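Colleague:
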C-alpha cells in the first residue's frame, strides 16, 4: 500500500540497522528482541474497515474511501491545500497546512483515494487535517493497527517492522508456573502479548486503551511482579554486603535527655529503630518520612552522633544550599558543643575553605561533612565514611544519589544509608518503590506547634489581603510572600518576586521587607535569611528556595502568589514553613481565575486537609510516581503499564507471588526478571 501524501514531505526512511535508528531505539530503551517484544502500543487505529463519510464522528480516527471532487491551494494567510473527498453517503473536507510541490497534482479531481485521520469539526463542516492518503481498493488488514510510543526520527513503520521481527525471535514461553496462573486467574503470557500488539476489531477499543482487558491485566501483573522481585533481590544483596557495625553510645541518650523539650513518641521510636539497624554488620537502608515540621532533623542528629561515637564519618547531603545551610546550623547547634567537628561544603565555599574542608574529610579530622551535591565531586575522599544521610533525597538526580552512596566503597565497606523525606509516601507507592527499605514514620508533630488555617483568596481581593498582612505584621508577626518567578517573563504573566518586593516596599515604606531568590549571591541569601530568623525582617518576599528546611518559629503568615501554578506537594511544603511556633498561623493561597480543573482540585485539597499523607495520595493521582520520587531523572520508566491508583490489588498479589517464586520457583523468578528488568534494577534503590 503506497503512501501518497501526509502532513509534510515524508522523511527519508533509514535502514533498521543504521546507527541513527539504533540510537533512536536505545532512547526508547530498546536494545534486544525482548525489549521490543514488550514495547506495547499507546493506542490503536482501526484500518480494518472503510467508514462511510456519513458515519464520521468528530474526535474519532477512521478510514474513508472515495473520489476527490476538487482540490485547490488557498492563502489564509499562508498557503494551505484543500480538497473534498466524496463517497455515496456524503463528503469530507481534507486540509494540509504545509503542502509540498506536486501534492495537489496527486489529489486531482476524479482520483480515487483512501484518507485516514482524526475527524474534526471545521469551519466548512467535518474535516481531517493532514490526513494520510493511500491507494484505494487494497486488501484491508484483519487486526487493529498499533501506534507505539516513539521518539524523534523513528517512524511507526520502523517500529512495527522491528517489533514484528522481535516477536518471531523472542522466547515468549511463560515465566509463571501453571499453579500461579490458575490461582491468580492470569491469562497466558504469549497470547496476551500477541493480542495487545495485534488485536482483532471485535475487541473493545475502550478495554484496550484503558488497560482493562485480561491481556493487559497479565502484562501489568508481570511488570509489578518483576519490580517486586528486583526489590526483594536488592534487599537480599544488601544483607550480604558488609558495613561498619556502629555500637550504641550512652552519649545519645544523654543528648536526648538534655534537650529543652521532650521528643515525640514517634521520634523516639524512629531513633530506636535506627540505633538497632546501625548495630548490624550490613548496611542500613532506612527511609525516614514525616510531614513538614515533624522533627526529622533531630532523628538524623541522633543517628549521626551514634556513628561518630563509633569512629566513622557521616555525610549529610541536601538538594539546595539553603536547606543544607539550615541542616548545618542545626547539627552544629547540637553537636559542636560535644566536640564533634563539622565541615561545610557547597558551591559558594571559597577555594581556600574548600581545600581545608577536603583535607579534613580525607584525614578523618572532620567527623561530619554537610553540604549540597558538592559532596559527590571526585575530589571529595572520605577516610572512614560510615553513614550517609540524604535529605529530600527524591529531589536529587538518581546518579547523584548513587555517587554519594558509593563514596565509602574504597574501604571495602558500604555506608549505612538514611533517606529523609517530608513528602509522605502513599501506601501503594511505598509498596511499589520502597519494598526493599525499612521505613520509619513520624506521624505526630512536636508539642506546641500551632494549627495552620488555609484560606483561598481571589487575586481581585488583593487590596483586602494587603490590609490584613499589614495589620498582622504591625502586631509583631512575620510573613513569607512566595512568588513563582524571579523577574518578568514574556510567556507567563505572573507576579514576580522582584516586582512584589518593589510594590510592598512602596506600599509599606516603614516596614522591613527582604528579598530572597536563587540568583542572589550565597552570602546575600544567608544574610537575608539570618535577618529574617532574627526578627529583623518583617516580610520576606521569596521564590520557592524557602520550600524546605527553613525554620523560623515567629513566622506565622504565608502568602503564596499564583498558587494555581504550584504543584500540590510544593504547596504543602510551603505551607509547612509556618505553624512552627506557638502563634496561630495561616496560609493564604492567592489565585487568578479562570482555574483549570487540575488547579481547582489542588486548591480544594489544600483547603480541605493539612494531612500530608492525604495530600500525597491526591498528588499521586495527579502527577504519578515518577515526579514524586525523582525517578524521571533516571530516564527509566519503571512502571510503564501499571497504575498505582487503579492497580493496588494487583500490586498486593504481585508481592505475594514474588515471595512464592523466590521460595519455590527460583528459576522462574530469574527468568521473569530478565524479561522485564533489563538495565533498570539499579535505579530502584539509589
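Residue numbers (this note's numbering): -9 to 676. For every residue, glycine included, the Cβ atom is placed at its ideal position computed from N, Cα and C. These numbers come from a predicted model, not from an experiment.
What number of angstroms, rounded off, separates the C-alpha of residue 660 from the C-alpha of residue 217?
Modeller: If you number the chain shown from 1, residue 660 lands on position 670. If you number the chain shown from 1, residue 217 lands on position 227. Near 12 Å, if we compare the C-alpha coordinates of residue 217 and residue 660.
Colleague: Roughly how many angstroms lie between the CA atoms of residue 362 and residue 519, to the nearest whole one?
Modeller: The residue you call residue 362 lines up with position 372 of the chain shown. The residue you call residue 519 lines up with position 529 of the chain shown. Each residue's Cα considered, the two are about 18 Å apart.
Colleague: Output the distance between the C-alpha atoms of residue 107 and residue 146, rounded to the nearest integer angstrom.
Modeller: As a working note, residue 107 is residue 117 in the chain shown. As a working note, residue 146 is residue 156 in the chain shown. Straight-line Cα distance between these residues: approximately 15 Å.
Colleague: Under the three-state reduction of DSSP, which class applies to residue 493: helix, strand or coil?
Modeller: As a first step, residue 493 must be located in the chain shown, where it is residue number 503. Looking at residue 493 - three-state DSSP - the assignment turns out to be helix.
Colleague: Got a sec? Which residues, its chain only, sit under 7 Å from residue 299 by beta carbon, not counting five neighbours each side?
Modeller: What you label residue 299 is simply residue 309 of the chain shown in a count that begins at 1. Here residue 299 has 239, 241 as same chain residues with Cβ atoms under 7 Å from its own Cβ, once five neighbours each way along the sequence are excluded.
Colleague: Can you tell me the Cβ-Cβ gap for residue 150 and residue 126, rounded? I've got them flagged as a contact below 8 Å.
Modeller: Along the chain shown, read from residue 1 onward, the residue named residue 150 stands at position 160. Along the chain shown, read from residue 1 onward, the residue named residue 126 stands at position 136. In fact, because the Cβ distance is near 22 Å, the residues do not count as touching under 8 Å.
Colleague: Can you tell me which of the three DSSP states residue 654 falls into?
Modeller: Residue numbering aside, residue 654 sits at position 664 when the chain shown is read from its first letter. Correct three-state label for residue 654: helix.
Colleague: Can you tell me whether residue 32 is buried or exposed? The criterion is at least 16 other CB atoms within 10 Å of its CB, across all chains shown.
Modeller: Position 42 of the chain shown, counted from the first residue, corresponds to residue 32. Exposed is the call here.
Colleague: Three Cβ pairs or more, each shorter than 8 Å: is that satisfied between the segment 78 to 90 and the segment 114 to 128?
Modeller: yes
Colleague: Given a threshold of 16 other Cβ atoms within 10 Å of its Cβ, counted over all protein chains shown, does residue 244 qualify as buried or as exposed?
Modeller: Translated into the one-based positions of the chain shown, residue 244 becomes position 254. With fewer than 16 other Cβ atoms within 10 Å, it is exposed.
Colleague: Can you confirm whether the segment 315 to 334 touches the segment 413 to 423 when touching is taken to mean that 3 or more C-beta pairs between the two stretches lie within less than 8 Å?
Modeller: no
Colleague: In or out: residue 274 buried (at least 16 other Cβ within 10 Å) or exposed?
Modeller: For the purposes of this step, residue 274 is taken as the residue at position 284 of the chain shown. So residue 274 ends up on the buried side.
Colleague: Which of the three DSSP states, helix, strand or coil, is assigned to residue 187?
Modeller: Taking the chain shown and counting its residues from 1, one reaches residue 187 at position 197. Residue 187: helix per DSSP, three-state reduction.
Colleague: Quick one: what's got a C-beta closer than 8 Å to residue 725's C-beta in the same chain, skipping five residues either side?
Modeller: Residue coverage of the chain in this structure runs from -9 to 676, which leaves residue 725 outside it and unanswerable.
Colleague: Would the segment 454 to 467 count as touching the segment 539 to 554 if we require 3 or more Cβ pairs under 8 Å?
Modeller: yes
Colleague: Considering residue 458, what are the terminal residues of the alpha helix (DSSP H) in which it resides?
Modeller: Translated into the one-based positions of the chain shown, residue 458 becomes position 468. For residue 458, the uninterrupted alpha helix (DSSP H) segment begins and ends at 452 to 464.
Colleague: Give the list of continuous beta strand (DSSP E) stretches no shorter than 3 residues that lie fully inside the segment 48 to 79.
Modeller: 51 to 65, 69 to 77
Colleague: Mind checking which residues open and close the alpha helix (DSSP H) that includes residue 552?
Modeller: As a first step, residue 552 must be located in the chain shown, where it is residue number 562. Counting along the chain, residue 552 falls outside any alpha helix (DSSP H), and DSSP gives it neither H nor E.
Colleague: Residue 569 and residue 441 look like a contact to me (Cβ under 8 Å); what is the Cβ gap, rounded to whole Å?
Modeller: Within the chain shown, residue 569 is the residue found at index 579, counting from 1. Within the chain shown, residue 441 is the residue found at index 451, counting from 1. That belief holds up - the Cβ atoms of residue 569 and residue 441 are roughly 7 Å apart, short of 8 Å.
Colleague: List, from N- to C-terminal side, the alpha helix (DSSP H) runs of 4 residues or more that fit wholly inside the segment 148 to 205.
Modeller: Counting only runs of 4 or more, we get 168 to 173, 179 to 187, 195 to 199.
Colleague: Using DSSP with H/G/I as helix, E/B as strand and the rest coil, what is residue 577?
Modeller: In the chain shown, counting from the first residue as 1, residue 577 sits at position 587. Residue state, collapsed to three classes: strand.
Colleague: Measuring alpha carbon to alpha carbon, tell me which residue in 75, 631, 48 is nearest residue 139.
Modeller: To locate residue 139, count along the chain shown from 1; it is residue 149. Of the candidates 75, 631, 48, the one whose C-alpha sits nearest the C-alpha of residue 139 is 631.
Colleague: Specify, as a first and last residue, the run of the beta strand (DSSP E) that residue 380 falls within.
Modeller: In the chain shown, residue 380 corresponds to position 390, counting from 1. 375 to 381 is the span of the beta strand (DSSP E), which, as asked, contains residue 380.
Colleague: Kindly indicate which residue of 585, 350, 283 has the alpha-carbon position closest to the one of residue 567.
Modeller: Start at 1 with the first residue of the chain shown, and residue 567 comes out as number 577. Ranking 585, 350, 283 by Cα distance to residue 567 puts 283 first.
Colleague: Which term fits residue 60, buried or exposed, when burial requires 16 or more other beta carbons within 10 angstroms of its beta carbon?
Modeller: Here residue 60 refers to the residue found at position 70 when the chain shown is read from its first residue. Here residue 60 is exposed: its Cβ has fewer than 16 other Cβ atoms, across all protein chains shown, within 10 Å.
Colleague: Rounded to whole angstroms, what's the CA-CA distance from residue 579 to residue 451? Just pull it up for me.
Modeller: Position 589 of the chain shown, counted from the first residue, corresponds to residue 579. Position 461 of the chain shown, counted from the first residue, corresponds to residue 451. Cα to Cα, the separation comes out at about 12 Å.
Colleague: Answer with buried or exposed for residue 166, where buried requires no fewer than 16 other C-beta atoms within 10 angstroms of its C-beta.
Modeller: Counted from its first residue, the chain shown places residue 166 at position 176. By the neighbour-count criterion, in which 16 or more other beta carbons inside 10 Å mark a residue as buried, residue 166 falls on the buried side.
Colleague: Just mark residue 381 as buried or exposed, buried being the case when its beta carbon has 16 or more other beta carbons within 10 Å.
Modeller: Your numbering for residue 381 matches position 391 in the chain shown. The residue is buried, with at least 16 neighbouring Cβ atoms inside 10 Å.
Colleague: Considering only their Cβ atoms, is the gap separating residue 474 from residue 556 smaller than 8 Å?
Modeller: Residue 556 sits at position 566 when you count from the first residue of the chain shown. Residue 474 sits at position 484 when you count from the first residue of the chain shown. Contact flag set, yes.
Colleague: Is the number of C-beta pairs between the segment 333 to 346 and the segment 507 to 523 that are closer than 8 Å three or more?
Modeller: yes
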